[in-house]
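> Chains as they are written, first to last, in the numbering used here: chain A, 144 to 440; chain B, 144 to 440.
Protein chains: 2
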Amino acid sequence: MEVRHLELLRDLKERGTLGAVAAATYRTASALSQQLRTAERELGVALVEPASRGLRLTWAGEILASGADDVLSALARVQAALDEGRGEPSGTVRIGTLPSAGAALLPGVMARLAGTRLQIALEDFDLAEADYAGRTLDHDLVIAHSLSADVPAGAEGLFSGVVAREPIDVAVPAEHPLAARASLVPEDVVGHPWIAVPRGFPFATVLEGVEAATGATLERIVEIRDNRLVESLVGRGLGLALLPRFSTPPSEDYRLVPLTGVRATRAIVAIGRHDRVARRAVSAVLDALADVGAGLS
Amino acid sequence: MEVRHLELLRDLKERGTLGAVAAATYRTASALSQQLRTAERELGVALVEPASRGLRLTWAGEILASGADDVLSALARVQAALDEGRGEPSGTVRIGTLPSAGAALLPGVMARLAGTRLQIALEDFDLAEADYAGRTLDHDLVIAHSLSADVPAGAEGLFSGVVAREPIDVAVPAEHPLAARASLVPEDVVGHPWIAVPRGFPFATVLEGVEAATGATLERIVEIRDNRLVESLVGRGLGLALLPRFSTPPSEDYRLVPLTGVRATRAIVAIGRHDRVARRAVSAVLDALADVGAGLS
DNA sequence: TGTGATGTTTAGGATGCCTACATGGAGGTC
DNA sequence: GACCTCCATGTAGGCATCCTAAACATCACA
Numbered sequence: 144m145e146v147r148h149l150e151l152l153r154d155l156k157e158r159g160t161l162g163a164v165a166a167a168t169y170r171t172a173s174a175l176s177q178q179l180r181t182a183e184r185e186l187g188v189a190l191v192e193p194a195s196r197g198l199r200l201t202w203a204g205e206i207l208a209s210g211a212d213d214v215l216s217a218l219a220r221v222q223a224a225l226d227e228g229r230g231e232p233s234g235t236v237r238i239g240t241l242p243s244a245g246a247a248l249l250p251g252v253m254a255r256l257a258g259t260r261l262q263i264a265l266e267d268f269d270l271a272e273a274d275y276a277g278r279t280l281d282h283d284l285v286i287a288h289s290l291s292a293d294v295p296a297g298a299e300g301l302f303s304g305v306v307a308r309e310p311i312d313v314a315v316p317a318e319h320p321l322a323a324r325a326s327l328v329p330e331d332v333v334g335h336p337w338i339a340v341p342r343g344f345p346f347a348t349v350l351e352g353v354e355a356a357t358g359a360t361l362e363r364i365v366e367i368r369d370n371r372l373v374e375s376l377v378g379r380g381l382g383l384a385l386l387p388r389f390s391t392p393p394s395e396d397y398r399l400v401p402l403t404g405v406r407a408t409r410a411i412v413a414i415g416r417h418d419r420v421a422r423r424a425v426s427a428v429l430d431a432l433a434d435v436g437a438g439l440s
Numbered sequence: 144m145e146v147r148h149l150e151l152l153r154d155l156k157e158r159g160t161l162g163a164v165a166a167a168t169y170r171t172a173s174a175l176s177q178q179l180r181t182a183e184r185e186l187g188v189a190l191v192e193p194a195s196r197g198l199r200l201t202w203a204g205e206i207l208a209s210g211a212d213d214v215l216s217a218l219a220r221v222q223a224a225l226d227e228g229r230g231e232p233s234g235t236v237r238i239g240t241l242p243s244a245g246a247a248l249l250p251g252v253m254a255r256l257a258g259t260r261l262q263i264a265l266e267d268f269d270l271a272e273a274d275y276a277g278r279t280l281d282h283d284l285v286i287a288h289s290l291s292a293d294v295p296a297g298a299e300g301l302f303s304g305v306v307a308r309e310p311i312d313v314a315v316p317a318e319h320p321l322a323a324r325a326s327l328v329p330e331d332v333v334g335h336p337w338i339a340v341p342r343g344f345p346f347a348t349v350l351e352g353v354e355a356a357t358g359a360t361l362e363r364i365v366e367i368r369d370n371r372l373v374e375s376l377v378g379r380g381l382g383l384a385l386l387p388r389f390s391t392p393p394s395e396d397y398r399l400v401p402l403t404g405v406r407a408t409r410a411i412v413a414i415g416r417h418d419r420v421a422r423r424a425v426s427a428v429l430d431a432l433a434d435v436g437a438g439l440s
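1. Assuming A:R416 contacts A:F302 (C-beta within less than 8 angstroms), just tell me the rounded distance between them.
2. Examine the Cβ distances between the region 392–403 of chain A and the region 265–279 of chain A and report whether three or more of them are shorter than 8 angstroms.
3. Output the boundary residues of the beta strand (DSSP E) element that contains B:L383.
4. Spell out whether any CB of chain B is found under 8 angstroms from the CB atom of A:V146.
5. Is A:L383 closer than 8 angstroms to A:V373 when the C-beta atoms are compared?
6. Would A:D213 count as contacting chain B if we go by Cβ distances under 8 angstroms?
7. Could you tell me which whole beta strand (DSSP E) segments of length 3 or greater appear in the region 206–249 of chain B?
8. Pick helix, strand or coil for A:H335, following the three-state DSSP scheme.
9. Taking the C-alpha atoms as reference points, what is the distance between A:A223 and B:G230?
10. Less than 8 angstroms between the CB atoms is what I'm expecting for A:P401 and A:S326, so what's the real figure, rounded?
11. Within this structure, are the beta carbons of B:F344 and B:A271 separated by less than 8 angstroms?
12. Mind checking A:W337: buried by the 16 CB within 10 Å criterion, or exposed?
13. For B:V188, return the contacting residues in chain A, with the cut-off set at a CB-CB distance below 9 angstroms.
14. Starting from B:S289, trace the beta strand (DSSP E) in both directions and tell me its first and last residue.
15. Any idea which residues DSSP pairs A:Y397 with across the strands?
16. Put A:E330 into one of helix, strand or coil per three-state DSSP.
17. Any contact between the region 156–168 of chain B and the region 189–199 of chain B? By contact I mean 3 or more CB pairs, one from each, below 8 angstroms.
18. Find the nearest neighbour of A:L190 within the set A:K156, A:A166, A:P320, A:V328, judged by alpha-carbon distance.
19. Going along the chain, which residues of its own chain have a beta-carbon closer than 6 angstroms to the beta-carbon of A:V285, five neighbours each way excluded?
20. Does chain B have any CB closer than 8 angstroms to the CB of A:A203?
21. I believe B:L186 touches B:L151 by the beta-carbon criterion, under 8 angstroms. Please report the beta-carbon distance rounded to the nearest angstrom.
22. For A:D226, I'd like the list of residues in its chain whose CB is within less than 6 angstroms of its CB, leaving aside the five on either flank, ordered along the chain.
23. Report yes or no: do three or more beta-carbon pairs, one from the region 429–436 of chain B and one from the region 303–314 of chain B, lie closer than 8 angstroms?
24. Could you spell out the range, first to last residue, of the alpha helix (DSSP H) harbouring A:R419?
25. Given that A:A217 touches chain B, what residues does it touch there, using C-beta distances under 7 angstroms?
26. Does DSSP put B:G159 in a helix, in a strand, or in coil?
27. Under DSSP, the beta strand (DSSP E) around A:V188 begins and ends at which residues?
28. If you measure between the beta carbons of A:V412 and A:A287, is that distance less than 8 angstroms?
29. Name the residue from B:V214, B:P193, B:E183 whose alpha carbon lies nearest to the alpha carbon of B:A203.
30. Smallest Cα separation from A:L429: which of A:A246, A:A166, A:V340, A:L256?
31. Let me know the secondary structure DSSP gives A:S303 once reduced to three states.
32. If you follow the beta strand (DSSP E) that A:G197 is in, where does it begin and where does it stop?
33. Starting from the beta carbon of A:Q222, find every residue of chain B whose beta carbon is closer than 8 angstroms, and list them in chain order.
34. Are the CB atoms of A:L399 and A:R406 within a distance shorter than 8 angstroms?
35. For A:G197, decide whether its Cβ has a neighbour in chain B, counting only Cβ atoms nearer than 8 angstroms.
36. Out of B:A165, B:G380, B:G228, state which residue places its alpha-carbon closest to the alpha-carbon of B:V315.
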């Protein structure tokens, strides 16, 4: 019963194919195949079986794969205790983030971490809510968001902590009749053209909420993912759009007006695997995130 | 952070010297010394330091040694889950026992285990209560007893489960005036010669309880450890003695009379290290022990 | 029926773990 | 103080293990 084998089975379960695990761990598929063989010989049980083009875990493989988390977390806790005793945490923390929240949070985090021995490796990606969880395979911490709950879809088994709650406002062109309003309700915004996002992407549920509340169907003139592009389209007066308050820069071309009467808030959530979050360096970054997040609202 | 190193540090902490660990794990001290060096190089911290003739753990070594239990227990739980799925447990369970409780319990346990694939390796030793805990290093399960609490002295960090509660009776020679009594109180038994046990050994606390309750000092004509020897001395009329009810055979030469008015019960307790008790084979034996123990009272 | 993706096999090289033996220091004994 | 024992450490070499590279086998899909 070796930790290496448990880890391999867990990775295999998560990444699906030997090749993917091999690439992620900088080894060859051959090495992993041999490790699986060795583990099966030592334990006397089949751990994987061929399934279509790839492999599937047997019941025994499943047991070991799910047990791996406990073992690796225990190991990570020991490492954390050691780091704790050694003083200042150090090392590189790999962060993946959705762009808007990253823009709002990470400058502050980096500033707070300047002068420490912590390094940040940053990557950004714009995904559907449910896809952020998968990126925790490649990053220690993933900054995701959730429109409906405090845990993003798909992140149920992971560590997750709400960093901030960000209102989602209606971006109104400066000359638009609604631009002077202090706040808007769903009935105000129907009948105007909208710059929307594709289904499943951020804020789509808010638009659907507006439709559900009014019974109307919004006129979606385009479907755009990138918020900068949305901003410039709104600025040119092409229509209304939804934009997150903290990460949208002020502009003379549009105004952000709060939307009430439907749920128009997203939770910005940091998610990660338990064994990685247990690292002292990672939890230090998490603290910094929470700090900066609290300062936003 | 390798499990092998954690285990080594834990063993070193428990057994005291590299040589003792080497003997217990069938390796040379040189090998272990090299392992310590490797671990220190990998972690970048000193784990041990010379102290008098041997080694002492540094603060970092202490952290890893205490973290080892969590990690090894997690591993053992995975193994147990695997065994569970595989059906019947198998393997050898090493039991150490105090002789009297072993005599009362183990025939029943062995009978219950006949026909399974479980093997029992048995050893017995007569020790002071506080010394049983140390034997869990060499046995999966140690059957000990406790006169005052439900956990034997020294076994605080270990798994422990009460298997049975055994009354300690007064063994009275058949012709003795007290032999016909249905029960005795402390006042009844002072003024008679006693066959006692050395201080710190089983039942000594009961005798001290009798003295505390009456204010008298008992006349101890001998101090004997072995219960069989005590039985024969009582049978010859040399004096009164304390004997455990379940593990003392009936005889025409003496009678066992219950003692009331002082705590005269011992808890027969199975103790073991968490990672070993997590083994499915061990917990199966534990179940059998509890079964047999429940049948005694 | 090819073509690409996937896992497996084999051989060989690098690394790591362990034993045997020699060395050095610390305590205890006469 | 000389000697002995216990304990840890250093060195050299054997052996197992883990990995890579390359060829192979299998399956799905077009």
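Even glycine gets a Cβ: it sits at the ideal position worked out from N, Cα and C.
In short:
1. The pair is a contact, with the Cβ atoms about 7 angstroms apart (cut-off 8 angstroms).
2. With the cut-off at 8 angstroms, the region 392–403 of chain A and the region 265–279 of chain A do not touch.
3. 383–387
4. yes
5. For A:V373 and A:L383, no; Cβs fall outside 8 angstroms.
6. yes
7. 233–240
8. Under the three-state reduction of DSSP, A:H335 is assigned to coil, being neither helix nor strand.
9. 37 angstroms
10. Right, their Cβ atoms sit about 4 angstroms apart.
11. Contact flag set, yes.
12. buried
13. L225, G228, R229
14. 284–289
15. A:P316
16. helix
17. Using a C-beta cut-off of 8 angstroms, the region 156–168 of chain B makes contact with the region 189–199 of chain B, since at least three inter-stretch Cβ pairs fall below that distance.
18. The residue with the shortest Cα to Cα distance from A:L190 is A:K156.
19. The residues are G239, Y275, R278, T279, I414.
20. yes
21. Contact doesn't hold; Cβ gap of about 13 angstroms is too wide.
22. P232, R423
23. yes
24. 417–420
25. D213, V214, A217
26. coil
27. Per DSSP, A:V188 belongs to no beta strand (DSSP E) and is neither H nor E.
28. yes
29. B:E183
30. A:L256
31. strand
32. Looking at the DSSP string, the run of the beta strand (DSSP E) that includes A:G197 is 197–200.
33. M144
34. Result no, Cβ atoms of A:R406 and A:L399 do not sit closer than 8 angstroms.
35. no
36. B:G380
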